[in-house]
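Worksheet for the structure shown next.
Residue numbers (this note's numbering), protein chains in the order written: chain A, 9 to 273; chain B, 9 to 273.
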């Protein structure tokens with residue numbers, strides 16, 4: 009009796025340890041982080057649109073005069089009321105002398121309706137939160153980069169850390185990515201087109217997420233399939249090296265790919 | 009020649025003024041604000057899910073032990089590492105003696121895998137931002153309430169400020185809402201079911217957004233259509249009074265509706 013109880017205890021203990029171990033891999037954090045990153049990107053755009061629509065009631069001309077959504081939000085968070093859009097105030101946020109002059113000028117002539125202080129306050133807080141989130145996004149991107157450089161040095165050297173994390177996320181884990189043939193890596197993220205192809209015989213996809221790789225834009229359009237294949241090929245080897253070995257093979261591979269891209273230009 | 013130029017100038021001036029006036033109504037701010045409010049609600053839930061999924065790697069038991077998403081996020085933002093989940097620390101955020109004890113106990117036995125400091129930092133910042141957004145949401149709700157009480161006192165007395173703002177948003181402006189027959193107000197927000205009804209002869213919708221009104225839950229299920237009709241009726245009258253007159257008719261109407269709901273209970 010005592011023995012059975014001991015055995016039971018021992019087995020439960022073992023099961024718990026196994027569950028813990030399953031989650032101990034660093035990949036789970038990279039996966040969570042890349043998911044959060046994509047969500048924050050989405051949220052930032054949503055909040056930006058909200059601010060833009062609301063603030064445009066007051067100063068619709070500003071939107072087209074500022075480059076970059078973040079700068080636009082920062083200007084509003086700092087200044088808001090049109091009459092405070094003086095060159096000096098603008099330059100504190102947006103260091104573009106010429107454009108600052110134009111904005112100050114437009115502020116005087118704007119067709120927008122006046123804003124009360126309480127409206128300004130709400131819009132400013134909103135703009136502020138959006139900028140905050142963007143900062144979080146960037147900090148999170150650095151986190152992912154440094155994690156990827158440790159966990160998958162070769163893979164992320166070739167793919168880039170964020171794209172690499174995206175591929176790993178889609179595969180499910182570093183281990184599963186390492187087990188994948190290069191033809192699968194090539195079309196990760198293009199599942200819809202792939203199954204369409206298998207079902208109806210339409211053209212197979214030439215690239216999934218790896219389409220976002222800068223080399224894809226470095227070659228002629230008709231050569232994209234070729235460079236995608238080469239890229240997926242090297243990525244597959246790199247993933248295996250990252251999981252089973254730890255040698256640096258990524259640098260040389262990337263050089264090779266860049267050379268190949270030059271040929272296909 | 010000089011005269012034509014003057015006339016042209018005058019006309020442009022007039023057109024600009026008209027554009028400005030169109031946007032001068034306070035309703036445009038209420039409309040923007042209620043849209044932002046709905047977006048923030050969505051964003052908060054998205055970020056909460058992100059935190060929950062990530063943090064559950066470390067301390068999966070916490071989620072079910074805390075009441076309220078905000079409290080959960082605040083606990084993580086403040087404490088994070090499982091070994092710091094002492095009763096004392098928990099009570100600083102979550103003043104529930106009994107539950108705090110249980111959480112501290114669960115933290116000791118948890119099956120989750122360890123978190124490094126850098127992971128904690130990212131999760132905490134994320135939780136922090138989500139809590140921030142919730143605060144913004146509440147400030148925005150107060151803003152909408154006080155605006156609605158000024159612009160549509162009768163309407164928002166009956167509908168409640170947020171539901172009232174939603175209905176006004178769907179109508180497009182206070183003026184358009186005031187022009188609507190009560191049967192339209194009754195089904196605002198149920199457009200899909202309404203057009204389905206007109207097209208295929210399926211049952212017409214009994215209520216749109218007004219289904220969210222507390223009185224709808226105060227009556228028997230089979231009486232919901234009746235109370236919805238009565239509610240829409242009074243709302244329509246209130247909207248007209250808000251736009252054309254300024255007398256207080258809402259208080260009495262609400263009393264009447266509450267009496268009616270008691271009959272239909």
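Even for Gly, the Cβ is constructed at its ideal location relative to N, Cα and C.
Helix, strand or coil at residue i [DSSP, three-state]
{"i": "residue 102 of chain B", "result": "coil"}
{"i": "residue 94 of chain A", "result": "coil"}
{"i": "residue 39 of chain B", "result": "helix"}
{"i": "residue 34 of chain B", "result": "coil"}
{"i": "residue 88 of chain B", "result": "coil"}
{"i": "residue 76 of chain A", "result": "coil"}
{"i": "residue 287 of chain A", "result": "In the structure as shown, chain A starts at 9 and stops at 273, and residue 287 of chain A therefore has no counterpart that could be examined."}
{"i": "residue 256 of chain A", "result": "coil"}
{"i": "residue 272 of chain A", "result": "coil"}
{"i": "residue 180 of chain A", "result": "coil"}
{"i": "residue 227 of chain B", "result": "coil"}
{"i": "residue 196 of chain B", "result": "coil"}
{"i": "residue 65 of chain B", "result": "coil"}
{"i": "residue 5 of chain B", "result": "Summary: the structure shown does not reach residue 5 of chain B, with chain B confined to residues 9 through 273, and so no result is reported for it."}
{"i": "residue 156 of chain B", "result": "helix"}
{"i": "residue 222 of chain A", "result": "helix"}
{"i": "residue 215 of chain B", "result": "coil"}
{"i": "residue 119 of chain B", "result": "coil"}
{"i": "residue 244 of chain A", "result": "helix"}
{"i": "residue 124 of chain B", "result": "coil"}
{"i": "residue 164 of chain A", "result": "helix"}
{"i": "residue 233 of chain A", "result": "helix"}
{"i": "residue 210 of chain B", "result": "coil"}
Span separating the alpha-carbon of residue i from that of residue j
{"i": "residue 102 of chain A", "j": "residue 37 of chain B", "result": "27 angstroms"}
{"i": "residue 213 of chain A", "j": "residue 224 of chain A", "result": "14 angstroms"}
{"i": "residue 262 of chain B", "j": "residue 165 of chain B", "result": "7 angstroms"}
{"i": "residue 53 of chain B", "j": "residue 87 of chain A", "result": "30 angstroms"}
{"i": "residue 77 of chain A", "j": "residue 241 of chain A", "result": "37 angstroms"}
{"i": "residue 62 of chain B", "j": "residue 104 of chain A", "result": "41 angstroms"}
{"i": "residue 13 of chain A", "j": "residue 106 of chain B", "result": "31 angstroms"}
{"i": "residue 181 of chain B", "j": "residue 35 of chain B", "result": "6 angstroms"}
{"i": "residue 185 of chain B", "j": "residue 134 of chain A", "result": "28 angstroms"}
{"i": "residue 113 of chain B", "j": "residue 100 of chain B", "result": "17 angstroms"}
{"i": "residue 250 of chain A", "j": "residue 167 of chain A", "result": "13 angstroms"}
{"i": "residue 210 of chain B", "j": "residue 229 of chain B", "result": "20 angstroms"}
{"i": "residue 124 of chain A", "j": "residue 170 of chain B", "result": "21 angstroms"}
{"i": "residue 91 of chain B", "j": "residue 17 of chain A", "result": "24 angstroms"}
{"i": "residue 39 of chain A", "j": "residue 81 of chain A", "result": "30 angstroms"}
{"i": "residue 248 of chain B", "j": "residue 96 of chain B", "result": "56 angstroms"}
{"i": "residue 200 of chain A", "j": "residue 161 of chain A", "result": "30 angstroms"}
{"i": "residue 15 of chain B", "j": "residue 49 of chain B", "result": "50 angstroms"}
{"i": "residue 163 of chain A", "j": "residue 130 of chain B", "result": "24 angstroms"}
{"i": "residue 158 of chain A", "j": "residue 51 of chain B", "result": "32 angstroms"}
{"i": "residue 183 of chain A", "j": "residue 243 of chain A", "result": "14 angstroms"}
{"i": "residue 11 of chain B", "j": "residue 197 of chain B", "result": "52 angstroms"}
{"i": "residue 94 of chain B", "j": "residue 267 of chain A", "result": "58 angstroms"}
{"i": "residue 136 of chain B", "j": "residue 89 of chain A", "result": "29 angstroms"}
{"i": "residue 222 of chain B", "j": "residue 254 of chain B", "result": "25 angstroms"}
{"i": "residue 177 of chain B", "j": "residue 177 of chain A", "result": "40 angstroms"}
Given residue i as reference, the closest of the options once Cα atoms are compared
{"i": "residue 109 of chain A", "options": "A:74, A:128, A:270, A:138", "result": "A:74"}
{"i": "residue 277 of chain B", "options": "B:249, B:66, B:19, B:170", "result": "Here chain B covers residues 9 to 273 and nothing more, so residue 277 of chain B does not appear."}
{"i": "residue 121 of chain B", "options": "A:33, A:249, A:97", "result": "A:33"}
{"i": "residue 245 of chain A", "options": "A:189, A:59, A:128, A:175", "result": "A:189"}
{"i": "residue 140 of chain A", "options": "A:248, A:79, A:114, A:64", "result": "A:79"}
{"i": "residue 1 of chain B", "options": "A:265, A:26, A:68", "result": "The structure shown does not extend to residue 1 of chain B, since chain B spans only 9 to 273, so no value can be given for it."}
{"i": "residue 20 of chain B", "options": "A:162, A:117, A:268, A:129", "result": "A:117"}
{"i": "residue 272 of chain A", "options": "A:247, A:231, A:253", "result": "A:231"}
{"i": "residue 144 of chain A", "options": "A:92, A:70, A:47", "result": "A:47"}
{"i": "residue 142 of chain B", "options": "B:254, B:160, B:26, B:56", "result": "B:56"}
{"i": "residue 252 of chain B", "options": "B:10, B:187, B:89", "result": "B:187"}
{"i": "residue 127 of chain B", "options": "B:64, B:197, B:22", "result": "B:64"}
{"i": "residue 72 of chain B", "options": "B:183, B:115, B:94", "result": "B:115"}
CB-CB length for residue i against residue j, believed under 8 angstroms
{"i": "residue 138 of chain B", "j": "residue 59 of chain B", "result": "6 angstroms"}
{"i": "residue 132 of chain A", "j": "residue 98 of chain A", "result": "At roughly 16 angstroms, the Cβ-Cβ gap does not stay under 8 angstroms, so residue 132 of chain A and residue 98 of chain A are not in contact."}
{"i": "residue 173 of chain B", "j": "residue 42 of chain B", "result": "4 angstroms"}
{"i": "residue 149 of chain B", "j": "residue 45 of chain B", "result": "6 angstroms"}
{"i": "residue 270 of chain B", "j": "residue 239 of chain B", "result": "Their Cβ separation, rounded to whole angstroms, is 14 angstroms, which puts residue 270 of chain B and residue 239 of chain B out of contact at 8 angstroms."}
{"i": "residue 175 of chain B", "j": "residue 111 of chain B", "result": "Not confirmed; about 42 angstroms, so no contact."}
Within-8 angstroms CB hit, residue i to chain C
{"i": "residue 140 of chain A", "result": "Judged by its chain identifiers, the structure shown contains no chain C, and its protein chains are A and B."}
Exercise for review: May I ask you to verify whether the segment 213-228 of chain A touches the segment 184-202 of chain A, counting CB pairs closer than 8 angstroms and requiring at least 3?
Suggested key: yes
Exercise for review: Report yes or no: do three or more beta-carbon pairs, one from the segment 227-238 of chain B and one from the segment 247-258 of chain B, lie closer than 8 angstroms?
Suggested key: no
Practice item. May I ask you to verify whether the segment 203-210 of chain B touches the segment 142-157 of chain B, counting CB pairs closer than 8 angstroms and requiring at least 3? Key: no
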